[in-house]
Structures are given as C-alpha cells and as structure tokens.
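Chemist:
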Amino acid sequence: MSHDTTGVCPNQQIEDLIDSGAIRATDPFVTGQVQPASLDLRLGTVAYRVRASFLAGAAHSVKDRLEEFEMHRIPLTDEGAVLEKGCVYLVPLMESLTLPEGISAVANAKSSTGRLDLLTRAVTDRGTEFDRIPQGYDGPLYAEICPRSFSVLVRPGMRLNQIRFRSGQAVLDDAELRSLHARTPLVDGPAVIQDGLGFSVDLRPAKDDLVGYRAKPHTGVIDLDRIGQYAPAEFWEEIRTREGRIILDPGAFYILVSREAVHIPPDYAAEMAPYLAMVGEFRVHYAGFFDPGFGHDAAGGAGSRGVLEVRCHEAPFVLEDGQVVGRLVYERMAQRPTQLYGAGIASNYQGQGLKLSKHFKTSM
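In terms of the numbering used here, the sequence shown has 445 at position 32, counting the first letter as 1, and numbering is strictly consecutive.
(1) Based on Cα-Cα distance, which residue from ASP477, THR439, ASP530, THR490 lies nearest to SER509?
(2) Please determine, among ARG718, THR490, ARG528, GLN548, the residue with the shortest C-alpha to C-alpha distance to ALA628.
(3) For a quick check, are the C-beta atoms of GLY609 and VAL742 less than 8 Å apart?
(4) Is there a C-beta anywhere in chain D that falls below 8 Å from the one on LYS476?
(5) Identify which residue in ALA665, VAL720, PHE612, ASP491 has its Cα closest to the Cα of ARG568.
(6) Does the separation of the CB atoms of ALA518 and ARG577 fall below 8 Å?
(7) Which residues does DSSP list as the beta-bridge partners of GLN548?
(8) Which residues does DSSP pair with SER517 in a beta bridge?
(9) Tell me the DSSP secondary structure of GLY713 in three-state form.
(10) Just how far apart, CA to CA, sit ARG600 and ASN424?
(11) What are the residues that DSSP puts in a beta bridge with MET746?
(12) Quick one: using the 10 Å Cβ neighbour count with 16 as the cut-off for buried, is ALA535 buried or exposed?
(13) Contact between the segment 441–449 and the segment 457–476: three or more CB pairs below 8 Å?
(14) Could you check how far apart the C-beta atoms of VAL504 and GLY457 are, in whole angstroms? I think they sit under 8 Å.
(15) Rounded to a whole number of angstroms, what is the C-alpha to C-alpha distance between VAL584 and VAL697?
(16) So for VAL475, helix, strand or coil by DSSP?
(17) Is the beta carbon of ARG486 sitting closer than 8 Å to the one on LEU532?
(18) Might you give, ordered along the chain, the residues of its own chain that have their beta carbon closer than 6 Å to the beta carbon of LEU830, omitting 5 neighbours on each side?
(19) What residue ranges within the segment 567–617 form continuous beta strand (DSSP E) runs of no fewer than 3 residues, ordered along the chain?
(20) Any idea if PRO678 is buried or exposed, counting beta-carbon neighbours within 10 angstroms, 16 or more meaning buried?
(21) Using alpha carbons as the reference points, say which of ASP544, LEU623, ASN574 lies closest to ARG655.
(22) Go ahead and pull the three-state DSSP assignment for SER509.
(23) Label ASP551 either buried or exposed according to how many other C-beta atoms from any shown protein chain fall within 10 Å of its C-beta, with 16 as the threshold for buried.
(24) Just mark VAL501 as buried or exposed, buried being the case when its beta carbon has 16 or more other beta carbons within 10 Å.
(25) Write down the C-beta distance between ALA556 and LEU454 rounded to the nearest angstrom, noting that I regard them as a contact closer than 8 Å.
(26) Tell me whether ASN761 sits in a helix, a strand or coil according to DSSP, three-state version.
(27) Mind checking which residues open and close the beta strand (DSSP E) that includes TYR533?
(28) DSSP on GLU722, reduced to helix/strand/coil?
(29) Based on Cα-Cα distance, which residue from VAL614, VAL459, GLY493 lies nearest to VAL723?
Right, here's the structure in full:
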C-alpha cells in the first residue's frame, strides 16, 4: 500500500492493510466488515467488568491496568451475556494492529450503537486518549462499553464500533469547505461554515407534532442481534411540540434529527463533532463517521438528514428549532472508494429522517 497519498483510507486500501498483516484478527474477516471508509471491529469472547473507565497510560498495557480495576469477568458465548446499564466493561476485540509508519487510526461507535446510548470507545496499550491510535501502533484493541440508557445482550463477533485509517491529515479548512459546497452542495440550505459544516436541530412540528424520542428510564434488555423486533413505546417516549422548542431534562437521552439534509461526496468522508461548549448545557453525543456517498444522489441518498444523539447535562435547557447543535468535519479520501455508502451495501440509514436504531419496529 502506498502512503504518498494523504487522506482517509478507502475500502480497497483497508483490504491491502489486511493482506499485508497490518490488520489481523483471531477469526477470519467476514463479508461486510470492510465499509467504504472504515473497518467494523468485533467483540471477542470475554467481557471484564471494571470499577471505572480508564486509559492504559503511556507506560502500561491494558492488561496491566486490568489487574487493578477488574471486578469480575463474563464469558461471551453464542447464548449472549447481558451488559448492564450504568456499568463499565472492557472487551478484547478480535482485531489487532501493526500500523505502518504514516498510517494512524481513529475509532468510533457505529450508528446503531450510538442510537442506543451505548458509550463504546476503543482502548489501546500505552494509550493516552480514547479512540485515537497513533502511527506505528503494534498491539491489541479493546472496546470499553458503558450502556447508558438500556442494558444490552451481546455475543462474540458483534460489531459495535468501527475504525478509520488515515495517512497524514486531510481535514478541509473552512475556505476549502466553502469551495466544495459551491461545486457540490453539502447541505440543502444555506451552509453555516465555521470549523466545519454546522448543522441545526429540526423541531418544526411534523405530522403528529413528533420531533424526537426520549429514552425511558426503566426498560428491558435489548438483544443487539434482534433487528426490527422491539416496540419503540416500550423503550422510548415520543417528544411532541407545536412551539418549535423542547426542554431537555438533565441526564436524559434524546434522539432528534437535523434540519439539513447532508451530502458526503464520494471523494470525501466526514465525522460529526460536538459543537462549541458555549452553546448550552447539552452535548450531541457520540461523534459519528459519515461515509463517502452518504446522502449522495447516485448512491440512493438524495440528501440524508443527520440523526442527533443528545444528552443534557447539569441544567434543564431549552432547545429551539434551527439551533446549531453540531458540525461535520470533512476530510479528503486518499482514493475514491470502490464501494459507496448505500450503493449496493445495504446501508441501514441512507435517505433517513428521524429514525431510531435498526432494532426497533418502524411503527409505534
């Protein structure tokens, strides 16, 4: 794999990294694991319940630190094991890395994981940051999993987070973003460009005045392998408004949607980042990856809206329709992917509006 092109590695380069042994796994890689600009990571066969979230630190392996923080271990089997709401777990992943010089990586929760309020972060040996893996890293990968709203049933091989590889830094600055938007509109309205492409929350009353969902506090377990099986009303309260605003409750978790339909052209990838802290007492959680082709006409998207996973912090907060709540940071791809989001890869969220995770039935 040549490293002379700067940017995010597309699917064909990820496959080269697998072929060269830079990405290894204890089990054979499976169909669909390589995405247009990322690789899905799979849970291994044990979950360690730990006292607290931790980073290994520059001088330690995760194994060293586990000896300090492990409370007990739970075998992950095909029958599944429950990870309980409010607890912190560390799960060794099937994949490990020997990154070449010049190739770094960043991990993130998959869309369905974030929509279940399942805090999932990658942890490495000698790591001083979550989800950031430096060039030259040689070692195992772990997922820290903290279910925030719902207890979940997991099995080995489940894919809760994903990893993106990049050569150098290829983030577009605001001038480059404006130029790209002028050539290929990135949103369907005016573009708010400041440290990325801003997007706002849609609280305009739609049919039934439904504008979002709030997680219920006491629910059953969600089996992450069961797709389209759960009744939304058992897990979510519907949020309705006619005023174009809602009041967020401290500690509550919400699923909302962006006003803007977002477009990621095929030669670019994007990452959702939290908006500036000055905006208010809340955070759009779980910064997410947006693949090349998301919302792209030729890939069946015609502009897809961004689903927002919002948690309110210390004080109740009035969220108004059209308020800017997050931003998309765009990066160049090192090459155009040979597969695009939504085009023949059965992507769950192409062309989406307000939508719960794929585990829920589509009608209340």
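By construction, the Cβ of each residue, glycine as well, lies at the ideal position given by its N, Cα and C atoms.
Modeler: In short:
(1) Selected option, being the one with the closest Cα: THR439.
(2) Comparing alpha-carbon positions, the option among ARG718, THR490, ARG528, GLN548 lying closest to ALA628 turns out to be ARG528.
(3) Yes, Cβ-Cβ distance for GLY609 and VAL742 is below 8 Å.
(4) Here chain D cannot be found, since the structure has a single protein chain.
(5) Distance check between ARG568 and each of ALA665, VAL720, PHE612, ASP491 places ASP491 closest, using alpha-carbon atoms only.
(6) Here ALA518 is near ARG577, since their CB atoms are less than 8 Å apart.
(7) DSSP lists no partner for GLN548.
(8) Paired residues: ARG579.
(9) Low confidence applies here, because GLY713 scores a pLDDT of 40, under 50, leaving its location unreliable; read the following figure in that light. Correct three-state label for GLY713: coil.
(10) The question names Arg, but residue 600 is Val in the sequence shown. The straight-line gap from Cα to Cα measures roughly 25 Å.
(11) In the DSSP output, where bridge partners are listed per residue, MET746 has VAL421.
(12) Under a 10 Å Cβ-count criterion, ALA535 is classified as buried, with 16 or more other Cβ atoms of the shown protein chains found around its own Cβ.
(13) With the cut-off at 8 Å, the segment 441–449 and the segment 457–476 do not touch.
(14) VAL504 to GLY457, Cβ: 6 Å. Contact.
(15) Approximately 21 Å between the Cα atoms of the pair.
(16) If DSSP states are grouped into helix, strand and coil, VAL475 belongs with the helices.
(17) The answer is no: Cβ separation not under 8 Å.
(18) Any question about residue 830 goes unanswered here, given that the chain covers just 414 to 777.
(19) Runs found: 574–580, 610–613.
(20) Classification for PRO678: buried.
(21) For the set ASP544, LEU623, ASN574, the Cα lying nearest the Cα of ARG655 is the one of LEU623.
(22) Note: SER509 maps to strand in three-state DSSP.
(23) Residue environment: ASP551 is assigned as exposed (fewer than 16 neighbouring CB atoms within 10 Å of its CB, all protein chains considered).
(24) Per the 10 Å Cβ criterion, buried.
(25) Correct: roughly 7 Å between the Cβ atoms.
(26) Low confidence applies here, because ASN761 scores a pLDDT of 43, under 50, leaving its location unreliable and the question unanswered by this model.
(27) A small fix is needed here, since residue 533 is Thr in this sequence, not Tyr. Boundaries of the beta strand (DSSP E) around THR533: 531–537.
(28) In the structure shown, GLU722 sits in a strand (DSSP, three-state: E or B).
(29) When each option's Cα is compared against that of VAL723, the closest is VAL614.
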